[in-house]
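Using this note's numbering, you'd call the opening residue of the sequence shown number 26 and step up by one each time. We treat Cβ as the ideally placed atom computed from N, Cα and C, and that holds for glycine. As the structure is a prediction and not an experimental result, all values here were calculated from the model. Structure first, then comments.
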Amino acid sequence: MPTALNADLHSHSTRSDGTLSPTLLARRAHANGVQLWALTDHDEADGLDEAAAAARDCGLRFVAGVEISVSVGDQTVHVVGLDVDAADAVLRDGLQQVRAGREQRARRIAAELERQVGIGDAYAGAVRLAGNPALLSRTHFARLLVERRVCASTQEVFTRFLTPGKPGYVAHAWATLRDAVGWIRGAGGHAVIAHPARYHFTSTEEWGLFEAFTELGGSGVEVVTASHGSGDQRKYAGIATEFGLRASRGSDFHSPLESRCDLGRLPPLPSGVAPVWELFA
Ligand code: AMP
Ligand code: MN
Ligand code: MN
Ligand code: MN
26 MPTALNADLH
36 SHSTRSDGTL
46 SPTLLARRAH
56 ANGVQLWALT
66 DHDEADGLDE
76 AAAAARDCGL
86 RFVAGVEISV
96 SVGDQTVHVV
106 GLDVDAADAV
116 LRDGLQQVRA
126 GREQRARRIA
136 AELERQVGIG
146 DAYAGAVRLA
156 GNPALLSRTH
166 FARLLVERRV
176 CASTQEVFTR
186 FLTPGKPGYV
196 AHAWATLRDA
206 VGWIRGAGGH
216 AVIAHPARYH
226 FTSTEEWGLF
236 EAFTELGGSG
246 VEVVTASHGS
256 GDQRKYAGIA
266 TEFGLRASRG
276 SDFHSPLESR
286 CDLGRLPPLP
296 SGVAPVWELF
306 A
């Protein structure tokens, strides 16, 4: 498969914090010219069967994926698993554990929003907006505050309320990097560090993250993704080469109304990197 393949290996459905069903995502990916597509819901593999069937119906090559929330120091890092066997029991148990903490966290987010900024009933509101009651995300709170006209955009809600140091941010312990990479590899998949430019590590800490990830058997890094500018693409292409990692490409599409980048509408991988999709079965 050529480097120029229109691969989109990062997207979200209503099984996590996306607004389209797996079926509608498959059709949209196909209509947008995607040639290889992965659904990668947060901490959840339940949408993959529907996605695979819908992709088959429109003749789109599909890869089963997941995006696992991981704690590294006091930060959250996302690890995308690609080409996983979604039926793998250890992976499923691991994802179940990661999801389990979300309900309690959501109750605490709602309590803090009420206590610190007087926003009431946010827990029930977020549950109503969640397509999957097991997966309450900050994104559902963000949509609720837009619906209630507290903010004009979900981006504004994150900036004002839901990021570290802001009133509705609640620290949370997710999976360890070792567990997440282990579950993905155990399920026959390839682990990829998602959107690395979004983290707030010092360069020494970032180097340490890639060293640990590589030692644990991680396979790749997202080089081309919606939140990366061309400087980020160059930087992480360099990191991929430095650590012997494969390069991935994915829009991180969540919603036609909210996402900056539609499915498949991304620049190609820079030349010189090895595409992660060459590893797929
Ligand atoms: P959670 O896993 O519940 O903590 O939610 C994380 C999700 O929130 C991410 O996957 C994004 O979809 C969304 N998100 C995080 N930061 C922002 C931001 N600054 N603006 C918009 N959405 C964001
Ligand atoms: Mn998300
Ligand atoms: Mn992410
Ligand atoms: Mn994502």
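For ligand 1, any of its heavy atoms closer than 7 Å to the Cβ of residue 162? Yes, the Cβ of residue 162 comes within 7 Å of a heavy atom of ligand 1.
Per DSSP, which residues does residue 87 bridge with? Please list them. 62, per the DSSP bridge assignment.
Whether residue 237 touches residue 270 by CB criterion (8 Å): For residue 237 and residue 270, no; Cβs fall outside 8 Å.
Could you check where the alpha helix (DSSP H) with residue 156 kicks off and where it finishes? It is not in any alpha helix (DSSP H) - residue 156 carries neither H nor E in the DSSP assignment.
Checking 8 Å against the spacing of the C-beta atoms, do residue 66 and residue 274 come in under that value? Contact: no.
Does ligand 2 have a heavy atom nearer than 7 Å to the CB of residue 37? Yes, the Cβ of residue 37 comes within 7 Å of a heavy atom of ligand 2.
Where residue 93 sits in the DSSP three-state scheme: Three-state result, residue 93: strand.
Residue 215 - partner residues in DSSP beta bridges: According to DSSP, residue 215 bridges with 107.
Cutting at 6 Å between CB atoms, please list the residues of its own chain near residue 212, excluding the five before and the five after it. Around residue 212: 109, 110, 113, 116.
Is the beta carbon of residue 91 less than 8 Å from the beta carbon of residue 70? In this structure, residue 70 lies closer than 8 Å to residue 91 by Cβ.
Shortest alpha-carbon distance to residue 154 belongs to which of 207, 171, 290, 244? Cα-wise, what sits closest to residue 154 is 171.
Would the beta-carbon of residue 206 fall within 8 Å of that of residue 256? Not in contact: residue 206 and residue 256 (Cβ atoms no closer than 8 Å).
In chain order, what residues of the same chain have a beta carbon less than 6 Å from the beta carbon of residue 133, not counting five sequence neighbours either side? 195.
What did DSSP end up calling residue 255 once you bin it into helix, strand or coil? Three-state DSSP puts residue 255 in a helix.
Beta-carbon proximity of residue 210 to residue 216, cut-off 8 Å: In this structure, residue 216 lies closer than 8 Å to residue 210 by Cβ.
Work out the CA separation of residue 179 and residue 249 for me, nearest whole Å. Cα to Cα, the separation comes out at about 23 Å.
From the DSSP output, which residues share a beta bridge with residue 247? 273, per the DSSP bridge assignment.
Start and end of the alpha helix (DSSP H) containing residue 184? Per DSSP, residue 184 belongs to no alpha helix (DSSP H) and is neither H nor E.
For the alpha helix (DSSP H) containing residue 228, list its first residue and its last residue. First-last of the alpha helix (DSSP H) with residue 228: 228-240.
Considering only the beta carbon of each residue, do residue 262 and residue 301 sit closer than 8 Å? A distance of 8 Å or more separates the beta carbons of residue 262 and residue 301.
Along the chain, where does the alpha helix (DSSP H) that runs through residue 128 open and close? Counting along the chain, the alpha helix (DSSP H) containing residue 128 begins and ends at 114-142.
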